[in-house]
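Asker: A single structure is presented below for examination.
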Amino acid sequence: MDPLISLPLFFFFILISVLLIARAPFGDAWGKEGHIMVCKIAQPYLTETTSKAVLDLLPEVAAGELSAMCPWADEVRFHYRWASPLHYVNTPGVCNYKYSRDCHNSKEEKGMCVVGAINNYTDQLRRRGDSSNHYNLTESLMFLAHFVGDVHQPLHAGFAADEGGNTIVVHWYRRKTNLHHVWDTSMIETAMKDYYDNDLDAMVDGIMSNITGGWEDEVDSWENCQNKQATCANDYAVESIHLDCNYAYKDVEQDSTLGDEYFFTRLPIVKKRIAQAGLRLATILNDIFDHENRQEIQSY
Ligand code: ADE
Ligand code: ZN
Ligand code: ZN
23 MDPLISLPLF FFFILISVLL IARAPFGDAW GKEGHIMVCK IAQPYLTETT
73 SKAVLDLLPE VAAGELSAMC PWADEVRFHY RWASPLHYVN TPGVCNYKYS
123 RDCHNSKEEK GMCVVGAINN YTDQLRRRGD SSNHYNLTES LMFLAHFVGD
173 VHQPLHAGFA ADEGGNTIVV HWYRRKTNLH HVWDTSMIET AMKDYYDNDL
223 DAMVDGIMSN ITGGWEDEVD SWENCQNKQA TCANDYAVES IHLDCNYAYK
273 DVEQDSTLGD EYFFTRLPIV KKRIAQAGLR LATILNDIFD HENRQEIQSY
């Protein structure tokens with residue numbers, strides 16, 4: 023090849039590679055799989071009226087599947103820069119969360135965090151009939167379904183200093199990554215590979231059978247909360263920061279190698295958080311779209 027052409031091409035290739043590598047470990051939510059699972063779990067718990075209303079709002083590309091749109095908010099994250107802080111909330115290094123102290127963006131605008139976002143998009147969808155409501159409700163629904171997933175990923179309510187584990191470099195078995203990515207993606211991927219033949223639907227079925235099996239005594243309590251605003255999202259963030267201190271950050275430091283011991287003790291938390299997010303998303307959507315027929319989720 024002509025060296026005058028190949029040299030710029032070579033540098034272009036290096037630049038693209040560096041950009042891709044630099045971005046790779048910083049996936050910013052439950053990975054795609056986690057969000058799809060949350061919404062697949064929610065789907066069967068929607069009432070008929072809710073399902074119809076959701077279907078009406080979904081874009082055509084969703085082909086009638088809410089779960090197809092649940093990773094959307096991450097895909098547009100660099101286009102909707104203002105929405106970036108809405109994917110998480112951080113505390114000043116303490117194992118408790120307070121809305122008034124913690125729910126803001128870097129410009130200190132109140133409510134600009136995942137908890138504020140869930141309540142805000144719920145309100146927008148509730149007021150769908152108001153003539154003064156000019157919001158794009160398709161986007162409101164897609165944001166809501168995504169953020170209910172995010173707030174259940176424990177490290178989406180983490181410590182500000184380490185950006186919810188993003189700056190804690192660890193080895194997941196032999197692969198270098200960061201603690202946040204382990205919780206967003208690696209544990210789900212390893213579980214899918216080791217136990218479910220890389221079949222996402224099989225993992226969803228496994229989690230669903232725990233809802234009616236192992237967790238049936240707890241499921242009713244997942245719907246209630248201490249301080250309800252538009253939703254119980256505040257309490258979900260409180261649960262997440264407690265899980266961080268007891269599980270996610272526990273026994274982890276810079277350069278830790280995380281393997282079987284970490285995986286076996288933390289995977290049950292990942293599965294339960296996905297189940298809780300799915301059921302709670304269904305409850306929120308039923309409350310919005312089918313308030314009259316609102317029914318408690320039964321663990322029959
Ligand atoms: N960026 C900064 N903090 C974050 C967190 N807790 N989760 C995801 N992205 C973040
Ligand atoms: Zn994340
Ligand atoms: Zn997200």
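In the numbering used here, the protein residues as written are 23 to 322.
Glycine included, every Cβ here is placed at the ideal spot set by N, Cα and C.
All values reported here derive from a predicted model rather than from experimental measurement.
1) Quick one: give me the first and last residue of the alpha helix (DSSP H) that residue 62 is part of.
2) Considering only heavy atoms of ligand 2, does any lie closer than 6 Å to the CB of residue 206?
3) For the candidate residues 120, 73, 54, 117, whose alpha-carbon lies nearest to that of residue 97?
4) By Cβ distance, which residues of its chain are closer than 6 Å to residue 292, with the 5 residues on each side in sequence left out?
5) Per the DSSP calculation, residue 224 is bridged to which residue(s)?
6) For a quick check, are the C-beta atoms of residue 137 and residue 125 less than 7 Å apart?
7) Cβ of residue 259 versus every heavy atom of ligand 3: is any distance shorter than 6 Å?
8) Comparing C-alpha positions only, which one of 63, 119, 83 sits nearest to residue 265?
9) Can residue 258 and residue 173 be called in contact, C-beta distance under 7 Å?
10) Inspect the beta-carbon positions of residue 112 and residue 180 and report whether they are closer than 7 Å.
11) Between residue 177 and residue 85, is the Cβ-Cβ spacing less than 7 Å?
12) What are the boundary residues of the alpha helix (DSSP H) that includes residue 168?
13) Give the range of the beta strand (DSSP E) segment to which residue 179 is assigned.
14) Less than 6 Å between C-beta atoms, sequence neighbours within five positions excluded: which residues of the same chain meet that for residue 64?
15) For ligand 3, is there a heavy atom less than 6 Å away from the beta-carbon of residue 139?
16) So what does DSSP say about residue 40, is it helix, strand or coil?
17) Using the Cβ count rule (16 or more neighbours within 10 Å means buried), how would you classify residue 94?
18) Where residue 229 and residue 99 are concerned, what is the direct C-alpha to C-alpha distance, given to the nearest angstrom?
19) Taking all protein chains shown into account, do 16 or more other C-beta atoms lie within 10 angstroms of the C-beta of residue 313, making it buried, or fewer, making it exposed?
20) Using C-beta distances below 7 Å, list every residue in its chain close to residue 253, excluding the 5 sequence neighbours before and after it, in chain order.
21) Given a threshold of 16 other Cβ atoms within 10 Å of its Cβ, counted over all protein chains shown, does residue 294 qualify as buried or as exposed?
22) Please report the straight-line C-alpha distance between residue 207 and residue 216, rounded to a whole angstrom.
23) Is residue 178 near ligand 1 - that is, is its Cβ less than 6 Å away from at least one heavy atom of it?
Answerer: Put simply:
1) 54-64
2) The answer is yes for residue 206.
3) 54
4) The residues are 209.
5) Looking at the DSSP assignment, residue 224 forms no beta bridge with any residue, so it has no partner.
6) yes
7) No.
8) Check the Cα spacing between residue 265 and each of 63, 119, 83: the tightest is with 119.
9) Yes. Within cutoff.
10) yes
11) no
12) 159-174
13) 179-181
14) 300, 303, 304
15) no
16) Per-residue confidence for residue 40 stands at a pLDDT of 40, beneath the threshold of 50, marking its modelled position as unreliable; the derived number appears in the next sentence. Correct three-state label for residue 40: helix.
17) Buried, since its Cβ has 16 or more Cβ neighbours within 10 Å.
18) 28 Å
19) By the neighbour-count definition (other C-beta atoms within 10 Å, threshold 16), residue 313 is an exposed residue.
20) Here the set comprises 140, 141, 144, 306.
21) buried
22) 14 Å
23) Yes, ligand 1 has a heavy atom inside 6 Å of this Cβ.
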